[in-house]
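Working notes, structure below.
Protein chains: 2
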Amino acid sequence: MTTQNRQFLLAARPQGMVKESDFTYHEAPVPTPGPGQVLIRTTYISLDPSMRGQMENRADYVAPLALGDVMRAGGTGEIVTSNHPDHPVGTLVQGTFGMQDYVVSDGHNPPFRAFDAKIHPQQALGVLGGTGMTAYFGLLDLAEPQPGQVVVISGAAGATGSVAGQIAKLKGCTVFGLAGSDDKCRWLTGELGFDGAINYKTQDVGNELDRLCPDGINIYFDNVGGEILDLCLARIADNARVVICGGISRYNQSGEIPGPKNYFNLVFRRARMEGFIVLDYAPRFPEAIQDMLGWIEQGKLKQSTTVIEGFENLPKALIQLFEGANTGKLMVKV
Amino acid sequence: MTTQNRQFLLAARPQGMVKESDFTYHEAPVPTPGPGQVLIRTTYISLDPSMRGQMENRADYVAPLALGDVMRAGGTGEIVTSNHPDHPVGTLVQGTFGMQDYVVSDGHNPPFRAFDAKIHPQQALGVLGGTGMTAYFGLLDLAEPQPGQVVVISGAAGATGSVAGQIAKLKGCTVFGLAGSDDKCRWLTGELGFDGAINYKTQDVGNELDRLCPDGINIYFDNVGGEILDLCLARIADNARVVICGGISRYNQSGEIPGPKNYFNLVFRRARMEGFIVLDYAPRFPEAIQDMLGWIEQGKLKQSTTVIEGFENLPKALIQLFEGANTGKLMVKV
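See the structure below:
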C-alpha cells in the first residue's frame, strides 16, 4: 500500500466554465482509522453535473465546501483496513468519498453502503447509484408516466437521462431524447430503444419536436434548462409534468441567467413543473435498486459508461462532462 | 324595453396597454329569440385580467375572437323573453354574455346558469363566479394548504387574491398579501384578516418577505408574474407549491417577456409550480359554491366590489383594472 493519499482540493470558486486551475493536486499521508473506523481505498470516482454548483456552494442540501477542502465526489471503494466488526476488510462500498485515494469512515461520516461483489463498481456508481436513483424517482415519482404518453428527455445520453428514458420505455411510453452528437443519437435509438432522438447541436429542435410530438409532450424530463426547456414548455400537452432534474446549460454561466420565458404555458396547459433532490429518497433506494437489478437481468436496462483512466485526470474529466464528451455515466478509474 | 342593443366590439389587437380605441361602440337591434331560446338582458359586466389575452387570442382554452366580434366578458343578467319552458322570464342568470345589453341563448350557446334571487348579482359574478371559483380550486386543489403553513398571495386585493387569502385563513394558514396601495394593504389586514400585507409599490418586497416569512413560503399564489414571482421563488420553503393563477404584470407587455430566473430553486426546495384553468373545474362549481355560501353566512368570507356605473365606461373600466384601480371584484353596472 502506498503511503501517499492523492487528493484534489478545491482551489477556487469557478468563474464561468470550471477550469483545471480551480483544483489543487495535493498529497497527504494515508489516514489511519481509529477505533470503530475503517479505511476505504477508492476505486472509481464519479463526475456529476451537480459538482459544479457545489464548488460555489450554490446548493444548500449538502454541507458547504471551503477552499482547500478535498473536492466532494461520489465513488466506489473497498475497505482495506477495518476496526469495525460490521465492516470487514474486502467489503465493496459506495459513498461520497471525495477526489482522493483514501478516506476514513465510521460508517456515518461519510456514510457508505456496501454492495455485492456480483455488482460491478461501474453499476454501483451509475445505474444503481446516484444518477440511476435520480432517473428512477424523478421519472416514476414526479412524472408518473402512463402507457402511451410522450416523454421527452434532454441530456438523454447522459447518466441520468439515458436511464430515465429506458425506464419510460419500460412503462410503455413513447420516448424521444435530445443529445449533442449523431453518435449519441444513434446510441439512444439503436441501443437503448428510444423512439427518436434529436441532435440539438445540428438540428432545429423546435421543428423536430413538432414533427415527433404532434400532439404535444406529456412528460418533459429536463437535465439542461435554457432554450431547450423553453422549446419544450411551448409544446407541452394538457396536464403535462415538467420534471426539473438538472440545468447543465446553466451551471457554468456567470451572472444573471434568464428563466424560462414560456413558463406561463403551465397555465394554458394546466401543467406542473417540479424539482427534487434525490437524497430525499434515500430510504427508498433499496426498492429502486431491486427494480433496477431486475430490469438489468431481463436485458431491459443498459448502462453505458465512459471511463477515464488515472486519478490525475479528475479535473479534466469534470470539464469533459460539461463539454458533453461522455456517453452515459462518466467516471475516473483510480 | 329599448330597441337598441349597445355593444363594444373588438376593434384592434392591443399593442402594450389596452386602449379605449381597441374597442368600437356599436348599436345593433335587440335580437329576437327563436324557438327554444331566451333573451337575456345583462345587468352587470365583469372585468377580468384574462380578457387582455383573449383580445389577442393568446389563450386557446376559449374560442378565438375575431376583430368586429362583440368583446367577450362574463356577466349577470335576467331573462326578459323566453321561448324555453325551463328558463322562465325573470330568471337571474350568469354566463359569458359579452360587452352588450342583450344576448340570445338556448341555454348552451352561450351557456348560462341560474342563480337564486337571494344571491346578489355582485356575488354571483364575484365570490361565487369565475374569480371566486379560481381562488377556491387554485388554492385548495393545487396548493393543498395545511394549518400553520405560510401563504403569500400577490394581487391580493384583487377579486381572486382577496378570496384565496380568506380561504387560506379559513384553513388555518398564516397569510400575507401583496397589493399596490396602503389602502388596499389596510383592507387586507383590517377587514379580511390577513396576517400582513406588503405595498409592492413603496416597500422593498424582498426585505418584507424576509421579515414576514423567516422560514420561507409554503404556498405562493401568483396573480402577477414578473419580479414578484422571482422574489417569492427565491424564498420558497421545502416542498412549496407555487400556483400560477395569473400574470397580470405580463399581460400588457409586448415582445419577449422574461421568465422567472429563480425557477431552479424548485430543485433546491423540492417544490412545484403549477398552472390551471378554472373552466376545467366547472363540474365541481356547485360544491365550491355551497362551501362559499356557508362561509359567507358565517361571516368568514367577505367580498369587496368596485362597481363602475354605465355601460359606456366598459373599455375605461378594463384599463382601470390593469392600473389597479379596483379593490376586490371590478364590474360595470349596465
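Top to bottom, those sequences are chains P and D. With this note's numbering applied, the first sequence covers 48 to 381. With this note's numbering applied, the second sequence covers 48 to 381. Ideal Cβ placement from N, Cα and C applies to all residues, glycine included. Quick caveat: nothing in here was measured; it's all calculated off a predicted structure.
With a threshold of 8 angstroms on Cβ separation, who are the neighbours of residue i within its own chain once the five nearest residues in sequence on each side are excluded?
i	result
M98 (chain P)	M118, R119, A120 and L365
I324 (chain P)	Y108
D133 (chain P)	G154
With the cut-off set at 8 angstroms, would you say residue i and residue j are in Cβ contact?
i	j	result
V271 (chain D)	R319 (chain D)	no
I266 (chain D)	E255 (chain D)	no
M102 (chain D)	L112 (chain D)	yes
L239 (chain P)	K349 (chain P)	yes
D153 (chain D)	T89 (chain D)	no
G177 (chain P)	F144 (chain P)	no
Y91 (chain P)	Q169 (chain P)	yes
F55 (chain D)	P305 (chain D)	no
A284 (chain P)	D262 (chain P)	yes
G293 (chain D)	P96 (chain D)	yes
K347 (chain P)	L175 (chain P)	no
I355 (chain D)	V379 (chain D)	yes
Determine the extent of the alpha helix (DSSP H) in which residue i is found, giving its start and end residues.
i	result
F315 (chain D)	N312 to F315
E274 (chain D)	G273 to L280
G100 (chain D)	S97 to M102
Y183 (chain P)	G177 to F184
L256 (chain D)	V252 to L259
Cα-Cα, which of the options is closest to residue i?
i	options	result
G81 (chain D)	D:P61, D:M146, D:P333 and D:V150	D:V150
N309 (chain D)	D:N286, D:I275, D:G294 and D:H134	D:I275
T352 (chain D)	D:G205, D:Q345 and D:R282	D:G205
I126 (chain P)	P:R105, P:R160, P:A106 and P:Y108	P:R160
N52 (chain D)	D:G208, D:P330, D:P76 and D:K380	D:P76
L172 (chain D)	D:H134, D:L139, D:E303 and D:H73	D:L139
A47 (chain P)	P:A182, P:S228 and P:R331	Residue 47 (chain P) lies beyond the range of chain P shown here (48 to 381); nothing can be said about it.
R317 (chain D)	D:K347, D:R282, D:W342 and D:P305	D:R282
R105 (chain D)	P:V314, P:L377 and P:F144	P:V314
Q345 (chain P)	P:I214, P:I304 and P:G253	P:I214
G83 (chain P)	P:N130, P:A110 and P:G100	P:N130
S296 (chain P)	P:L175, P:A110, P:G202 and P:A164	P:G202
V66 (chain P)	P:G273, P:L368 and P:L377	Note that residue 66 (chain P) is Lys in the sequence shown, not Val. Considering only alpha carbons, the answer is P:L368.
L114 (chain P)	P:L57, P:A284 and P:G100	P:L57
S93 (chain D)	D:K218, D:E370, D:Y328 and D:Q141	D:Q141
T79 (chain P)	P:T128, P:A110, P:W342 and P:G100	P:T128
C260 (chain P)	P:V197, P:P192, P:Y328 and P:G100	P:V197
A164 (chain D)	D:G137, D:A110 and D:P157	D:G137
G394 (chain D)	D:T207, D:I166 and D:D257	No information on residue 394 (chain D) is available, as it lies outside the stretch 48 to 381 that chain D covers here.
Leaving out five residues on either side along the sequence, give the residues of the same chain with a beta carbon under 7 angstroms from the beta carbon of residue i.
i	result
G322 (chain D)	I291
A211 (chain P)	A182, G185, L186, I200 and F268
G179 (chain D)	G173, V210 and M339
T50 (chain D)	P76 and V77
D277 (chain P)	P307, K308 and N309
G219 (chain D)	P194 and G195
D242 (chain D)	T221, V222 and F223
I336 (chain P)	L175
With residue i as the anchor, note down where its beta strand (DSSP E) starts and where it stops.
i	result
Q54 (chain P)	Q51 to L57
V289 (chain P)	I283 to I291
F241 (chain D)	It is not in any beta strand (DSSP E) - F241 (chain D) carries neither H nor E in the DSSP assignment.
K380 (chain P)	K376 to K380
Y397 (chain D)	Limits of chain D in this structure are 48 at one end and 381 at the other, which puts residue 397 (chain D) out of reach.
G125 (chain D)	According to the sequence as given, residue 125 (chain D) is Glu; it is not Gly. Residues G122 to S129.
I343 (chain D)	Not the beta strand (DSSP E): I343 (chain D) falls in the alpha helix (DSSP H), residues F332 to E344.
T90 (chain D)	V85 to S93
E359 (chain D)	Where E359 (chain D) is concerned, there is no enclosing beta strand (DSSP E), given that its DSSP letter is neither H nor E.
Can a CB atom of chain P be found closer than 8 angstroms to the CB of residue i?
i	result
E303 (chain D)	yes
M320 (chain D)	yes
Y72 (chain D)	no
G294 (chain D)	yes
F184 (chain D)	no
D327 (chain D)	yes
K363 (chain D)	no
Can you give me the Cβ contacts of residue i inside the same chain, cut-off strictly under 6 angstroms, excluding the 5 residues immediately before and after it?
i	result
M64 (chain P)	N299
C232 (chain D)	A226, A244 and N246
F358 (chain D)	R53 and V381
A59 (chain D)	D69
K248 (chain P)	G227
Any heavy atom of the ligand MN closer than 7 angstroms to the CB of residue i?
i	result
G124 (chain P)	Within the structure as shown, the ligand MN is missing, as the structure has no ligands at all.
Any C-beta of chain D sitting closer than 8 angstroms to the C-beta of residue i?
i	result
G272 (chain P)	yes
R282 (chain P)	no
Y267 (chain P)	no
D107 (chain P)	yes
D393 (chain P)	With chain P represented from 48 up to 381, any question about residue 393 (chain P) goes unanswered, as that position is not in the structure.
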